[in-house]
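Peer 1:
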Amino acid sequence: MKEVVLEVKNLKTHFRTRKGIVKAVDGVSFKVHKGETFALVGESGCGKSVTCMTIMGLIGRKKNEVVEGDIFFKGRNITNISKEERRKLRGKNMSIIFQDPMTSLNPVYTVGTQIAEMPIIHEGKSQSKAKEIAVNMLKKVGIPSPDKRVDEYPHQFSGGMRQRGVIGMSLACNPELLIADEPTTALDVTIQAQILELLRKLKEDTESAIIMITHDLGVVAEVSDSVGVMYAGTLVEKALVKELFKKPLHPYTKGLLKSIPKPGSKERLTIIEGQPPDLHNAPKGCKFYPRCSYAMDKCREEMPKLIEIENGHKAACWLNEVNKNGK
Amino acid sequence: MENNILVEVKNLKKYFPVKSGILSRKKNYLKAVDGLNLKIYKGETIGLVGESGCGKSTTGRLILRLLEPTEGKIFFDGKEITDLDKNKLKSMRKDFQMVFQDPYACLNPRLSIKSIIEEPLKTHKYRPSERKKTVKDLLEKVGIPKSYMDRYPHEFSGGQRQRIGIARALALNPKFIVADEPVAALDVSIQAQILNLMSDLQDEYNLTYLFIAHDLSVVQYISDRIGVMYLGSLVELSESQELFDYTIHPYTRALLSAIPIPDPEIEKRQINLEGEIPSPINPPDGCRFHTRCPYAEEICREKRPEFREVKKEHYVACHLAEKFINKQNTEIR
């Protein structure tokens, strides 16, 4: 097995609000290896973005934000390091691509300046050298005539090109960990295909570890090596991508896979009844039980742990335990 | 077959004027819809797909006369509605309604959902007792408990709000509904609920849908026929299974191959389109797609292809259509 780039242990991110505590992330653990693409899937509000913002250190400094658990970056615990040390990591060793390319670029600076910022700050490169790097990055992400485009402003770029620009920026210092938070959600399918292809190629070239956040199971199947499925702040299932699609073990994953229309099939969709719980007062026990058709008494009482069921395939569901013991 | 046509659109055009500067005299136009012909049969669901800015939403709004067409004719149930005046249009509108994309923006936050659903009934002068009964029935139909009638939109989740939007559209018992990206803002598990609800309601009320979406797998699930739009006009239209199996237009091929398939075992050949959609203010001459088309020839640059029936019930706008006809898709599946 390759070097572990990131390890998250029992991560909890809670927000204190007027209505009470919101447990946005409630005990999530996973590892990401070098050259691996790990996808975090789930519906809106399940805590996938908050998990990654916490890893990046973008959440946890304010009074109403409580972070527990440990985050190890290449073996070093970075959960409670100082602001300055965080800054040294961010952009250089780990970087993030946000969902909306329209708002993640500063409209009053040229795209080139924004990319060049990274090597200037982190590697002490000169202006001219940094610009050269910026041109190279734009070329690498497939922007035509990069030497001209480098001096243009974000509004002169189209949506897909902006996202390429942002990817170029995040890769300017060759980070070991790249977090992509719904990088293609705001884009059209043909542009999405281009961006996914680009991410795949970059991963091969640079061997970065990638955490891909998405709600689209199609995207998961196309780009990732392993997957974690999140529901209401917890990981309910974790497996290699082929395993997960072939043999989903958690009822939520099963339901999710059945509820997406498949190209070329008109079979009636099976639906998951109800909707995700309000995180202000999430149910005790398994968070999925109100929507689960297999719910037992135990599910109402006690929260199942994410345990290994068979060779690396993990699920958090009492049902699997019953099946196991039954054998 | 001809008697079964509910909506017919002939050479529909919508040009939006674009200001290009204080001093410039020449007006530019954004050609959102540029020569669209379409027949919609009774009881069918027709899907319109295309990338953002291709004119699919504008088309939906034009058909409902929410926008005034620049050119072209619209027929509804055999009657021309292109030039109907306000009053006549108002009474016609009972028959065609719309479901909007954003369930957060399309409901008035100050009205209870009862008043929201009741509003079209009030406009058309239904009696209060009748209104109350209809609202109750509708809520039940779309799966929202009657007891929630006096609640306000903010108390509902996205999926529930979309159900309320659907109930409102159904209030006047319409024949035709334009659904503009009704599930785009929803999560997958909720999306499936709404899609199933829509097809159940269609069976029950014998509705005809124009279903606008950018997600091809959703469209093919719900539609009987699919029209693919590119830069303001249809490039391909056929029965939905046919479109998936025997794609003709190179753009449709590329679009289909770009959908991420939720199955990691599938090795698919992806056709990556170069570049992006040209601006509709200054669309390319000849075939609109020639700038990105891998097969473009001389004729494509010069002449705009006609939208013609190349196979039974399979329409394509491509000079080279004969080259791709009856070729089974190998890129997908």
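Note that the protein sequences, when read in sequence, are chains Y and R.
Per our numbering: the first sequence = residues 30 to 356.
Per our numbering: the second sequence = residues 724 to 1056.
Note that the Cβ used here is the ideal one computed from N, Cα and C, for glycine as well.
Keep in mind that this is a model prediction, so the values were computed, not measured.
Which residue's Cα is closest to the Cα of Y:G197: Y:T214, Y:I172, Y:Q185, Y:Y182?
Peer 2: The residue given as residue 197 of chain Y occupies position 168 in the first sequence. Among Y:T214, Y:I172, Y:Q185, Y:Y182, the Cα nearest to that of Y:G197 belongs to Y:I172.
Peer 1: At which residues does the beta strand (DSSP E) containing R:R755 begin and terminate?
Peer 2: One-based indexing of the second sequence puts residue 755 of chain R at position 32. Checking the sequence shown, residue 755 of chain R turns out to be Ala, not Arg. Residues 751-764.
Peer 1: Report the start-end ranges of each beta strand (DSSP E) in the segment 262-305 of chain Y that is 3 residues or longer and not cut off at the edges.
Peer 2: If we require 3 residues or more, the beta strand (DSSP E) runs fully inside the segment 262-305 of chain Y come out as 263-269.
Peer 1: Could you check if Y:N349 is buried or exposed, using at least 16 other CB atoms within 10 Å of its CB as the buried criterion?
Peer 2: Your numbering for residue 349 of chain Y matches position 320 in the first sequence. So Y:N349 ends up on the buried side.
Peer 1: Nearest-angstrom Cα distance between Y:L298 and R:V911?
Peer 2: One-based indexing of the first sequence puts residue 298 of chain Y at position 269. One-based indexing of the second sequence puts residue 911 of chain R at position 188. Going by the C-alpha atoms only, they are around 11 Å apart.
Peer 1: Taking R:H937 as part of the alpha helix (DSSP H), name the residues at either end of that continuous run.
Peer 2: The residue you call residue 937 of chain R lines up with position 214 of the second sequence. Neither: R:H937 is in no alpha helix (DSSP H) and is coded neither H nor E.
Peer 1: Could you list the residues in the segment 970-995 of chain R with a C-beta less than 7 Å from some C-beta on chain Y, going in chain order?
Peer 2: Residues passing the 7 Å Cβ filter: A977, L978, A981, I982, P983, I984, P985, D986, P987, E988, Q993, N995.
Peer 1: Which residues in chain Y have a C-beta closer than 8 Å to the C-beta of R:Q1051? List them in chain order.
Peer 2: In the second sequence, counting from the first residue as 1, residue 1051 of chain R sits at position 328. The premise fails here: R:Q1051 is roughly 12 Å from chain Y at the closest Cβ pair, so nothing lies under 8 Å.
Peer 1: Rounded to whole angstroms, what's the CA-CA distance from Y:D55 to Y:L207? Just pull it up for me.
Peer 2: On the first sequence, position 26 is the one that residue 55 of chain Y refers to. On the first sequence, position 178 is the one that residue 207 of chain Y refers to. Whole-angstrom Cα-Cα distance: 23 Å.
Peer 1: Taking only beta carbons into account, state which residues of the segment 217-230 of chain Y come closer than 9 Å to chain R, listed in chain order.
Peer 2: Within the segment 217-230 of chain Y, the qualifying residues are D217, V218, T219, I220, Q221, A222, Q223, L225, E226.
Peer 1: Closer than 9 Å by beta-carbon distance: list the chain R residues that pair up with Y:A250, in chain order.
Peer 2: Along the first sequence, read from residue 1 onward, the residue named residue 250 of chain Y stands at position 221. What Y:A250 touches in chain R: P983, I984, P985, D986, P987, E988, I989.
Peer 1: Let me confirm a value: R:A828 is counted as buried when at least 16 other C-beta atoms fall within 10 Å, else exposed. Which label applies?
Peer 2: As a first step, residue 828 of chain R is located in the second sequence; it is residue number 105 there, counting from the start. When all chains shown are included, R:A828 counts as exposed.
Peer 1: Do R:V1039 and R:R1031 have their CB atoms nearer than 8 Å?
Peer 2: Translated into positions along the second sequence, residue 1039 of chain R becomes position 316. Translated into positions along the second sequence, residue 1031 of chain R becomes position 308. Contact: yes.
Peer 1: Quick check: what's the CA-CA separation for Y:E114 versus Y:R105?
Peer 2: For this step, residue 114 of chain Y is matched to residue 85 along the first sequence. For this step, residue 105 of chain Y is matched to residue 76 along the first sequence. Whole-angstrom Cα-Cα distance: 12 Å.
Peer 1: Might you give, ordered along the chain, the residues of its own chain that have their beta carbon closer than 6 Å to the beta carbon of Y:A344, omitting 5 neighbours on each side?
Peer 2: Counting from 1 along the first sequence, the entry for residue 344 of chain Y is found at position 315. Only E266, L278, H279, I338 meet the Cβ criterion.
Peer 1: Beta-carbon of Y:G189 versus every beta-carbon of chain R: anything under 8 Å?
Peer 2: Position 160 of the first sequence, counted from the start, is the residue given in the question as residue 189 of chain Y. Closer than 8 Å to some Cβ of chain R, the Cβ of Y:G189 qualifies, so yes.
Peer 1: Give the single residue among R:I839, R:I763, R:T805 whose Cα lies nearest to the Cα of R:M872.
Peer 2: Residue mapping note: residue 872 of chain R aligns to position 149 of the second sequence, counting from 1. Answer by Cα proximity: R:I839.
Peer 1: Please list, in chain order, the chain Y residues whose beta carbon lies closer than 7 Å to that of R:S775.
Peer 2: Residue 775 of chain R sits at position 52 when you count from the first residue of the second sequence. Those are D217, listed as they occur along chain Y.
Peer 1: Y:G188: which of Y:K41, Y:D217, Y:R178 sits nearest, CA to CA?
Peer 2: As a working mapping, residue 188 of chain Y is identified with position 159 in the first sequence. Looking at the Cα atoms, Y:D217 is the closest of the given residues.
Peer 1: What does the alpha-carbon distance come out to for the pair Y:K52 and R:S880?
Peer 2: In the first sequence, residue 52 of chain Y corresponds to position 23, counting from 1. In the second sequence, residue 880 of chain R corresponds to position 157, counting from 1. The alpha-carbon atoms of Y:K52 and R:S880 are separated by roughly 19 Å.
Peer 1: When the cut-off is 8 Å and only beta carbons count, does Y:R357 lie next to chain R?
Peer 2: Here chain Y covers residues 30 to 356 and nothing more, so residue 357 of chain Y does not appear.
Peer 1: Please say whether Y:V179 and Y:V195 have beta carbons closer to each other than 8 Å?
Peer 2: Taking the first residue of the first sequence as position 1, residue 195 of chain Y is located at position 166. Taking the first residue of the first sequence as position 1, residue 179 of chain Y is located at position 150. No, Cβ-Cβ distance for Y:V195 and Y:V179 is not below 8 Å.
Peer 1: Return the Cβ separation of R:Q824 and R:A892 in integer angstroms, given the expectation that the two are a contact with Cβ distance under 8 Å.
Peer 2: The residue labelled residue 824 of chain R in the question sits at position 101 within the second sequence. The residue labelled residue 892 of chain R in the question sits at position 169 within the second sequence. 13 Å between Cβ atoms; not a contact.
Peer 1: Distance cutoff 8 Å, beta carbons only. Does R:A902 sit that close to anything in chain Y?
Peer 2: Numbered from 1 along the second sequence, position 179 holds the residue referred to as residue 902 of chain R. By this cut-off, R:A902 is not an interface position.
Peer 1: Using a Cβ-Cβ cutoff of less than 7 Å, which residues in the same chain neighbour R:E1036 once the five nearest sequence positions on both sides are dropped?
Peer 2: Within the second sequence, numbered from 1, the residue matching residue 1036 of chain R stands at position 313. These residues qualify, in order along the chain: S961, E962.
Peer 1: If you reduce the DSSP assignment to three classes, tell me which class R:T970 lands in.
Peer 2: The sequence position of residue 970 of chain R within the second sequence is 247, counting from 1. Coil.
Peer 1: Compare the C-alpha of R:I836 against each of R:K848, R:I889, R:Y928 and name the closest.
Peer 2: In the second sequence, counting from the first residue as 1, residue 836 of chain R sits at position 113. Per the Cα distances, R:I889.
Peer 1: Considering only the beta carbon of each residue, do Y:S381 and Y:A268 sit closer than 8 Å?
Peer 2: Past the edges of chain Y, shown from 30 to 356, lies residue 381 of chain Y, and the structure says nothing about it.
Peer 1: Please check if any C-beta of chain Y sits within less than 8 Å of the C-beta of R:F731.
Peer 2: For the purposes of this step, residue 731 of chain R is taken as residue 8 along the second sequence, with counting starting at 1. The sequence shown places Glu at residue 731 of chain R, rather than the Phe named in the question. Judged by the 8 Å Cβ criterion, R:E731 is not in contact with chain Y.
Peer 1: Scan the segment 61-82 of chain Y for residues whose Cβ lies nearer than 8 Å to a Cβ of chain R and list them as they occur along the chain.
Peer 2: Listed by position along the chain: E72, S73.
Peer 1: Buried or exposed: where does R:K1050 fall if 16 or more other Cβ atoms within 10 Å of its Cβ makes it buried?
Peer 2: Residue 1050 of chain R sits at position 327 when you count from the first residue of the second sequence. R:K1050 comes out exposed.
Peer 1: Residues of chain R with CB closer than 9 Å to the CB of Y:F357, please, in chain order.
Peer 2: A question about residue 357 of chain Y goes unanswered here, because the residues of chain Y that appear run from 30 up to 356.
Peer 1: Determine the contact status of R:L735 and R:L785, defining contact as a CB-CB distance below 8 Å.
Peer 2: The sequence position of residue 735 of chain R within the second sequence is 12, counting from 1. The sequence position of residue 785 of chain R within the second sequence is 62, counting from 1. Yes, the pair counts as a contact, with Cβ atoms nearer than the cut-off.
Peer 1: Short of 6 Å in beta carbon distance, which residues of its chain neighbour Y:L335, apart from the five on each side in sequence? Order them along the chain.
Peer 2: Counting from 1 along the first sequence, the entry for residue 335 of chain Y is found at position 306. If we look at Y:L335 and ignore the five residues flanking it on each side, its Cβ neighbours are L264, K343, A345.
Peer 1: Using a Cβ-Cβ distance under 8 Å, would Y:H184 count as near chain R?
Peer 2: What you label residue 184 of chain Y is simply residue 155 of the first sequence in a count that begins at 1. No, because no Cβ of chain R sits closer than 8 Å to the Cβ of Y:H184.
Peer 1: Are three or more beta carbon pairs between the segment 854-869 of chain R and the segment 898-909 of chain R nearer than 8 Å?
Peer 2: Cβ pair count under 8 Å is below three, so no.
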